[in-house]
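J.: What follows is a single structure, and I will ask about it in a moment.
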Amino acid sequence: MAEKEWHLRGEVAAGHRPLNSALEVDVDFDTTVKPPPEPTEEAMADIEALIKRRIADHQFDDVVRVLPPPPERKRREIDLDDNKASKGLGEVYEEQYVKNVVGNTSEDKDEKVRNEARMLFQALVGKLDALTHFHFAPKPVVEDLNVRSDVAAVVMEEAAPVAVGNAAANMQLPGEVFRPQDAGAPKAEGEMTREDRKRQRAQHKQASKAAREQKEAERNARAAALGQKMPLPSDSTLPAPVAGRKSAALAAATGGKKGAKAAAKAAAAALGQGALKHGKTEFGRSGAVFAKLQQEQDMARANGGQLPKKKGHQQLGQDGGKPALAAAFLKL
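Under the UniProt record's numbering, residues 1 to 332 are what the sequence shown spells out, in order.
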């Protein structure tokens with residue numbers, strides 16, 4: 001079988017077919033472009049008549065000549081100065097304001113000369129100072145700086161070898177390295193150190209001591225008030241009150257040396273009577289003391305505010321001629 005023609009093998013490049021072979025082949029192909037009308041004698045006659053008429057009327061479709069634009073004037077190029085401005089913005093605004101208000105546009109022409117002379121004089125003075133080794137030049141003011149290092153004196157005396165690196169930082173205590181700023185913040189029981197516990201214990205002791213002193217002062221004031229207004233009952237059935245060291249001290253404070261001796265003597269006598277009669281006093285507990293005091297107040301209210309006096313009752317201190325102490329003076 002013979003080989004197919006080139007136009008029957010699909011798409012063929014120009015190198016795979018003979019020269020101008022595509023003109024000899026009648027090829028049918030689809031296209032979307034509208035084909036041009038076929039030239040006829042009538043159409044050619046119309047075109048020739050149109051050309052003759054245009055030539056007669058001097059209507060040509062030549063390209064319209066474009067006139068060159070008029071030469072423009074060269075713009076003046078402004079030289080931009082990239083140097084630092086010698087005048088501040090405030091000075092520039094001041095000059096503009098003076099020009100607009102006063103109308104003074106004259107500039108000081110000698111300002112440049114003055115600046116140049118000032119620079120030359122400074123250079124001359126610098127050279128003269130260098131020749132005189134700055135003997136006549138005033139010394140600049142230098143502020144003295146005292147640098148105080150927050151380190152121990154041992155570190156300042158070079159206790160550690162010089163070869164040891166960062167010896168000063170290694171010799172600091174943990175408390176010096178880390179100093180907490182929240183000194184007043186509350187701490188838990190596990191976070192407290194030994195010093196914190198001691199400090200807290202001392203604060204509790206001081207608070208309790210102050211409370212006891214306040215209660216003692218109130219008790220003494222109440223006892224003094226009761227002792228002045230309410231005397232002891234004269235009933236012989238009531239046991240003798242017990243006087244202790246506190247009552248003796250109170251009597252000494254109120255009655256001097258004689259009162260202290262009388263209170264001590266009365267306390268010894270009361271203790272002896274209680275030991276002989278009962279083996280122990282009836283005022284060993286606070287409940288008994290307050291019960292007796294309540295009984296005395298009830299008796300006083302029943303008698304119109306006055307306690308009854310009975311015969312045969314020997315009060316504490318009657319043998320010495322001293323007034324008896326009230327029950328409120330007695331220390332439990």
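Even for Gly, the Cβ is constructed at its ideal location relative to N, Cα and C. As the structure is a prediction and not an experimental result, all values here were calculated from the model.
What is the C-beta distance between Asp129 and Ala137, in whole angstroms, given that I count them as a contact (C-beta under 8 Å)?
T.: Contact between Asp129 and Ala137 holds: their C-beta atoms lie close to 5 Å from each other, under 8 Å.
J.: Mind checking whether Val25 and His7 have CB atoms under 8 Å apart?
T.: yes
J.: Is DSSP giving Lys112 helix, strand or coil here?
T.: Of the three classes helix, strand and coil, the one that applies to Lys112 here is helix, per DSSP.
J.: Can you tell me whether Gly227 is buried or exposed? The criterion is at least 16 other CB atoms within 10 Å of its CB, across all chains shown.
T.: Per the 10 Å Cβ criterion, buried.
J.: What does the alpha-carbon distance come out to for the pair Ile51 and His58?
T.: Whole-angstrom Cα-Cα distance: 10 Å.
J.: What whole-angstrom Cβ distance do Ala187 and Asp196 have, given they're in contact under 8 Å?
T.: In the sequence as displayed, the identity of residue 187 is Lys instead of Ala. Between Lys187 and Asp196 the beta-carbon gap is near 7 Å, inside 8 Å, which marks them as a contact.
J.: Comparing alpha-carbon positions, which option in Leu124, Gly126, Ser86 and Lys99 lies nearest Glu111?
T.: Ser86
J.: How is the alpha helix (DSSP H) around Met299 delimited, first residue to last?
T.: Ser286 to Ala302
J.: Do you know offhand how far Lys229's Cα is from Ala202's?
T.: In this prediction, Lys229 scores a pLDDT of 45, lower than 50, which makes its location untrustworthy; the coordinate-derived value is nonetheless stated afterwards. So the two alpha carbons sit approximately 41 Å from each other.
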